[in-house]
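Under our numbering, the letters of the sequence shown match residues 1 to 379, in that order.
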Amino acid sequence: MPGEPNEPEPFQPLRGIRVIDFTRLLAGPYATMTLAELGADVIKIEKPDAGDDTRAWGPPFVGEDSAYFHAINRGKRSVALDLTVAADREKAIGLIADADVVVESFRPGVAERLGVGPGVLTERFPHLIYASISGFSPVGPMWAEPGTAVTVEAESGLMQLTGYADSGPVRSGVAMVDIATGMSMINGVLAALLERTRTGKGRRIEVSLFATALSSLGTVIASVSAGGPAPRPWGSGHPSIVPYRAFAAADGHAVLGATNDPMFARLATALDMEDELGREQWRRNEGRVRDRDTLEALLAERLALLTVDEIAERLQRHRVLIARVRPADEAARGAQATAMGMVFEDEGVLIARSALGTNGTAVLGRAPLLGEHNEELLG
1 MPGEPNEPEP FQPLRGIRVI DFTRLLAGPY ATMTLAELGA DVIKIEKPDA GDDTRAWGPP
61 FVGEDSAYFH AINRGKRSVA LDLTVAADRE KAIGLIADAD VVVESFRPGV AERLGVGPGV
121 LTERFPHLIY ASISGFSPVG PMWAEPGTAV TVEAESGLMQ LTGYADSGPV RSGVAMVDIA
181 TGMSMINGVL AALLERTRTG KGRRIEVSLF ATALSSLGTV IASVSAGGPA PRPWGSGHPS
241 IVPYRAFAAA DGHAVLGATN DPMFARLATA LDMEDELGRE QWRRNEGRVR DRDTLEALLA
301 ERLALLTVDE IAERLQRHRV LIARVRPADE AARGAQATAM GMVFEDEGVL IARSALGTNG
361 TAVLGRAPLL GEHNEELLG
């Protein structure tokens with residue numbers, strides 16, 4: 001029944017699919033870990049000296065490696081190989097021969113130089129699905145530029161929208177462009193696997209952080225090109241809905257909003273502000289957007305006198321949009337995440353599953369040590 005914890009049947013559609021993972025940092029490892037959740041056998045190939053850069057992105061550490069690495073590389077097997085050495089390169093190709101999918105995030109041209117580029121491998125193994133993740137795509141004038149989340153946020157226009165008018169450009173608190181790029185890559189791989197059941201042939205897939213960022217800005221790009229206002233940062237607010245943002249309470253912050261005119265009337269009633277907010281020009285959202293500063297100042301003054309719990313109780317009773325602004329660890333330990341089975345504890349460390357975790361995907365074991373499975377996989 002709705003509201004009750006569910007226990008879905010195991011969801012392992014990729015059981016029997018092998019993925020060779022040449023990725024590092026966040027977008028690629030997140031994507032391949034999600035494929036592992038779906039049942040795929042993921043073999044992570046790393047440099048022998050240090051492995052994935054994120055192994056050192058600490059403190060804090062979980063054993064020998066950072067908590068960051070541990071969070072996005074679970075359920076994989078690690079092989080340490082130096083692809084500049086012919087013997088190691090042949091070992092990697094031997095693993096690829098038995099694989100269904102290769103995922104790489106080398107800088108443009110590096111995979112070819114190392115002998116594991118798409119041209120060589122897809123010709124030799126026509127069934128192979130070869131997925132590449134890049135910063136700015138291997139085409140265009142920026143193909144060779146370093147493509148990390150922060151540089152892509154800057155170049156795409158996303159950073160210009162983040163923060164407040166007086167704060168200057170602000171990086172997203174989490175590298176959501178990386179996560180979204182990984183999710184796009186997963187979609188491409190799954191579609192290519194489905195296509196292969198009909199054609200017997202693999203496919204080359206290329207996804208870039210820049211393409212992901214531009215795609216995510218689709219509504220902004222369309223609005224500006226149609227004559228809308230120039231993009232600017234809105235803080236926690238919304239360019240075309242008022243009120244719809246975070247406000248300071250007496251003991252924290254609450255997000256509230258009126259997504260339609262009847263809800264705004266209920267908001268005024270819930271806060272005993274019918275007189276202050278009942279102006280004729282504010283009955284419709286268009287007028288509220290026009291008088292944003294005046295209206296929000298009145299709300300801010302009232303909400304600062306109430307606790308977050310008091311605000312939530314009032315607004316929930318009147319069916320008005322309301323949420324508490326929580327720390328991530330509090331949300332992870334909360335009743336909602338617990339009921340969904342989204343977060344579990346492993347040796348004292350909280351681990352978040354992918355969003356598919358509520359559908360019965362695997363609860364993955366710890367991330368591998370560097371080269372932990374060399375003997376097992378290479379004999």
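Quick reminder that beta carbons are idealized off the backbone N, C-alpha and C, glycines included.
Determine the extent of the alpha helix (DSSP H) in which LYS44 is found, giving its start and end residues.
Annotation: LYS44 is outside any alpha helix (DSSP H); the continuous beta strand (DSSP E) that includes it extends over 41–46.
Taking the alpha helix (DSSP H) that PHE22 belongs to, which residues open and close that run?
Where PHE22 is concerned, there is no enclosing alpha helix (DSSP H), although the beta strand (DSSP E) it sits in stretches over 18–22.
Any idea what DSSP makes of PHE264, helix, strand or coil?
Secondary structure at PHE264: helix, using DSSP grouped into helix, strand and coil.
Entirely enclosed beta strand (DSSP E) segments - the stretch 65–135, minimum 3 residues
Fully enclosed beta strand (DSSP E) runs of 3 or longer: 77–80, 101–104, 129–134.
Residues in the same chain with beta-carbon distance under 8 Å from HIS318, minus the five sequence neighbours each way, listed in chain order, please.
The residues ARG266, LEU267, THR269, ALA270, in chain order, have a CB closer than 8 Å to that of HIS318 in the same chain once the five nearest residues on each side in sequence are set aside.
Which word fits SER225, buried or exposed, when buried means at least 16 other C-beta atoms lie within 10 angstroms of its C-beta?
Burial state of SER225 is exposed, judged by a 10 Å Cβ sphere holding fewer than 16 other Cβ atoms.
As a quick exercise: from ARG196, LEU194, VAL189, pick the residue whose alpha carbon is nearest that of GLU205.
Looking at the sequence provided, one finds Ile at residue 205 rather than Glu. Of the candidates ARG196, LEU194, VAL189, VAL189 places its Cα closest to the Cα of ILE205.
Tell whether a beta-carbon distance below 7 Å holds between GLY252 and VAL308.
Yes, the Cβ-Cβ distance between GLY252 and VAL308 is below 7 Å.
The alpha helix (DSSP H) that contains VAL224, what's its start and end?
Membership of VAL224 in the alpha helix (DSSP H) is indicated by the continuous run 218–225.
List the endpoints of the continuous beta strand (DSSP E) containing TYR30.
Annotation for TYR30: no beta strand (DSSP E) segment contains it, though the alpha helix (DSSP H) segment containing it runs 27–37.
For the pair the stretch 16–26 and the stretch 91–111, tell me if three or more CB-CB distances fall below 8 Å.
Judged by Cβ distances under 8 Å, the stretch 16–26 makes contact with the stretch 91–111, as three or more pairs qualify.
Answer with buried or exposed for LYS76, where buried requires no fewer than 16 other C-beta atoms within 10 angstroms of its C-beta.
With 16 or more neighbouring CB atoms inside 10 Å of its own CB, LYS76 falls in the buried class.
GLU206: first and last residue of the uninterrupted beta strand (DSSP E) it sits in:
Where GLU206 is concerned, the enclosing beta strand (DSSP E) stretches over 204–208.
Any chance you could list the beta strand (DSSP E) runs of at least 3 consecutive residues sitting entirely within the stretch 245–301, in chain order?
Counting only runs of 3 or more, we get 253–257.
Is the beta carbon of MET185 less than 7 Å from the beta carbon of VAL152?
No. Outside cutoff.
Return helix, strand or coil for GLU345, following the three-state DSSP convention.
Look at GLU345 here: in three-state DSSP terms it is strand.
Three Cβ pairs or more, each shorter than 8 Å: is that satisfied between the stretch 123–132 and the stretch 194–205?
Yes, the stretch 123–132 touches the stretch 194–205.
When you compare only the Cα positions, how much space is there between LEU122 and ARG113?
The question names Leu, but residue 122 in the sequence shown is Thr. One alpha carbon belongs to THR122, the other to ARG113, and they sit about 15 Å apart.
Quick check: TYR104 and SER132, are their CB atoms within less than 7 Å of each other?
It should be pointed out that residue 104 corresponds to Glu in this sequence rather than to Tyr. Going by C-beta atoms, GLU104 is nearer than 7 Å to SER132.
Contact between the stretch 29–38 and the stretch 352–361: three or more CB pairs below 8 Å?
As far as the Cβ criterion goes, the stretch 29–38 touches the stretch 352–361, which means the pair count is three or higher.
Distance check for PRO229 and LEU364, CA to CA, integer angstroms please.
So the alpha carbons of these two residues sit roughly 46 Å apart.
Alpha carbon to alpha carbon, how far is LEU303 from GLY348?
Inter-residue distance for LEU303 and GLY348 is about 38 Å (C-alpha atoms, whole angstroms).
By how many angstroms is the C-alpha of ALA332 removed from the C-alpha of GLU286?
Roughly 37 Å between the two C-alpha positions.
Over what stretch of residues does the beta strand (DSSP E) that includes ALA323 continue unbroken?
Boundaries of the beta strand (DSSP E) around ALA323: 321–324.
Quick one: give me the first and last residue of the alpha helix (DSSP H) that GLY188 is part of.
176–199 is the extent of the alpha helix (DSSP H) around GLY188.
Would you identify the three-state DSSP class for ALA352, choosing helix, strand or coil?
Of the three classes helix, strand and coil, the one that applies to ALA352 here is strand, per DSSP.
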